[in-house]
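Asker: First the structure, then my questions, so here it is.
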Amino acid sequence: MNSMEKRRLLVKYFRLSHDVGLNTLMGGNMSVRIKDIILITPSNFSKLELSEDDVVEINMNGEVVQGNRKPSSEWRMHVEIYKRTKYDVVFHAHPPNVLALSNSGIELDKSFSELKSYSRGVGMVPYIEPGTQELANEVAKHIEEGNDLVILEKHGAVAVGSTIEEAFNKMEVLDMVAYVTLNTIKNRMPFHASIY
Numbered sequence: 779m780n781s782m783e784k785r786r787l788l789v790k791y792f793r794l795s796h797d798v799g800l801n802t803l804m805g806g807n808m809s810v811r812i813k814d815i816i817l818i819t820p821s822n823f824s825k826l827e828l829s830e831d832d833v834v835e836i837n838m839n840g841e842v843v844q845g846n847r848k849p850s851s852e853w854r855m856h857v858e859i860y861k862r863t864k865y866d867v868v869f870h871a872h873p874p875n876v877l878a879l880s881n882s883g884i885e886l887d888k889s890f891s892e893l894k895s896y897s898r899g900v901g902m903v904p905y906i907e908p909g910t911q912e913l914a915n916e917v918a919k920h921i922e923e924g925n926d927l928v929i930l931e932k933h934g935a936v937a938v939g940s941t942i943e944e945a946f947n948k949m950e951v952l953d954m955v956a957y958v959t960l961n962t963i964k965n966r967m968p969f970h971a972s973i974y
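Quick note, the sequence shown lines up with residues 779 to 974 if you use the working numbering.
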């Protein structure tokens, strides 16, 4: 698959992340690595307007190689993951069910067969200021340790994969399991009680 095809897929799936509710209009970010070049979504840009020309090329130092837009504010996290692992795709989203679950202090039910089928492990990072090198280091460390999904407290989640489709599917599975976990707990409560 050439660079233009990867750009097309990157735009397609990043737009889809808004359509299926994994991201707000301008939230989240996604990238794909092609050797030592990273194609990454632009910062603070509407997914509905996003085109292949808006994708930014950066090198492994985070320097812009090509593109007229500013790369995602989370570029450090993408770069750090690529430096430390062999994954070719990084997808950062703000899935609402995952956020609701972690914000409630409820542990994700990792026994679901779909989660076991698609993910090697789910890590958890306590709140760290978004866009910082500290966050980048912590997320990359969890992925180095064998997790391909990482929940970021009060922030969102990160999925990695060898393809865009693989990383996207992992994020959807994570949010689905979070949704089922939340609703299972809710349905077990007495009628008058609520976790919301």
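Heads up, the beta-carbon is just placed ideally off N, CA and C, and yes, glycines get one too.
Quick caveat, the model's predicted, so the values are computed rather than measured.
Three or more beta-carbon pairs under 8 Å between the segment 853-868 and the segment 798-816, yes or no?
Answerer: Verdict: yes, contact present.
Asker: Would DSSP call Glu-898 helix, strand or coil?
Answerer: One detail in the question is off: residue 898 reads as Arg in this sequence, not Glu. DSSP places Arg-898 in coil when its eight states are reduced to three.
Asker: Should the segment 884-894 be called in touch with the segment 828-848, which here means at least 3 C-beta pairs below 8 Å?
Answerer: No: fewer than three Cβ pairs fall under 8 Å.
Asker: Excluding sequence positions up to five away, which residues of its chain have a Cβ less than 8 Å from the Cβ of His-796?
Answerer: Counting only Cβ-Cβ distances below 8 Å, and skipping sequence neighbours, we find Thr-802, Leu-803, Lys-825 and Leu-826.
Asker: In angstroms, rounded to a whole number, what distance separates the CA positions of Phe-946 and Phe-869?
Answerer: If you take the alpha carbons of Phe-946 and Phe-869, they lie about 7 Å apart.
Asker: Examine the ligand HEM and report whether any of its heavy atoms sits within less than 8 Å of the Cβ of Val-958.
Answerer: Because no ligand of any kind appears in the structure shown, any question about the ligand HEM cannot be addressed here.
Asker: Taking the alpha-carbon positions, what's the Val-842 to Leu-952 distance?
Answerer: Roughly 32 Å separates the two Cα atoms.
Asker: Quick check: Ile-929 and Val-900, are their CB atoms within less than 9 Å of each other?
Answerer: Result yes, Cβ atoms of Ile-929 and Val-900 sit closer than 9 Å.
Asker: Please name the residue in Met-954, Arg-898, Ser-880 and His-872 whose C-alpha comes closest to that of Asn-925.
Answerer: Among Met-954, Arg-898, Ser-880 and His-872, the Cα nearest to that of Asn-925 is on Arg-898.
Asker: Cα-Cα, which of Leu-877, Thr-941, Asp-887 and Ser-850 is closest to Thr-910?
Answerer: With distances taken between Cα atoms, Thr-910 lies closest to Ser-850.
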